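When you line the sequence shown up against the working numbering, it's residues 2 to 115, in that order.
Take a look at the structure set out below.
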Amino acid sequence: MHGEAFAQAKYNLYADHAAATGHPAIAKLFRGTAKVELLEHFAAEAVLAGLVGTNTANLNAAITGETYEATTMYPEFAAEAAAAGDSAAARVFAKAGRQEAAHAKAFTAALHRV
Numbered sequence: 002m003h004g005e006a007f008a009q010a011k012y013n014l015y016a017d018h019a020a021a022t023g024h025p026a027i028a029k030l031f032r033g034t035a036k037v038e039l040l041e042h043f044a045a046e047a048v049l050a051g052l053v054g055t056n057t058a059n060l061n062a063a064i065t066g067e068t069y070e071a072t073t074m075y076p077e078f079a080a081e082a083a084a085a086g087d088s089a090a091a092r093v094f095a096k097a098g099r100q101e102a103a104h105a106k107a108f109t110a111a112l113h114r115v
């Protein structure tokens, strides 16, 4: 499943690049393939794996994942990048951590409304 999800994201980025560099046919090919990766392959595998649960379970899973990314994963990545002298990467990871914290907050608010 991870491979299908990554392929979908990667192909959408490839499509954006192809479109931006004047290759609409290549962009269309990548977007179409990305759609199949997500809507057919990933979705079918997700059903088999029982990935989707109740709204409450889904929100709790999202909160757990986003909180880990905001409090552990991205801060560690940012610290490692800073220690290696890569301030640009450190800024990217720090920003991603802040965004993940905002996602966790939004999912938590949604959970309180369920």
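Glycine included, each C-beta is placed from N, C-alpha and C at the ideal position.
For clarity, every value in this text was computed on a predicted model and none was experimentally measured.
Quiz prompt | 8 Å Cβ cutoff, residue 112 in contact with chain B | solution = Looking at the structure shown, chain B is missing, and only one protein chain is on hand.
Quiz item: Buried or exposed: where does residue 98 fall if 16 or more other Cβ atoms within 10 Å of its Cβ makes it buried?
Solution: buried
Exercise. In angstroms with no decimal places, state the Cα-to-Cα distance between residue 114 and residue 57.
Key: 10 Å
Practice problem: Pick out the complete alpha helix (DSSP H) segments inside the stretch 7-94, 4 residues or longer, and give them in chain order. | Solution: Runs of the alpha helix (DSSP H) lying entirely within the stretch 7-94 and spanning at least 4 residues, in chain order: 25-37, 44-50, 56-69, 75-84.
Quiz item: How about residue 16 and residue 32: do their beta carbons lie closer than 8 Å?
Solution: yes
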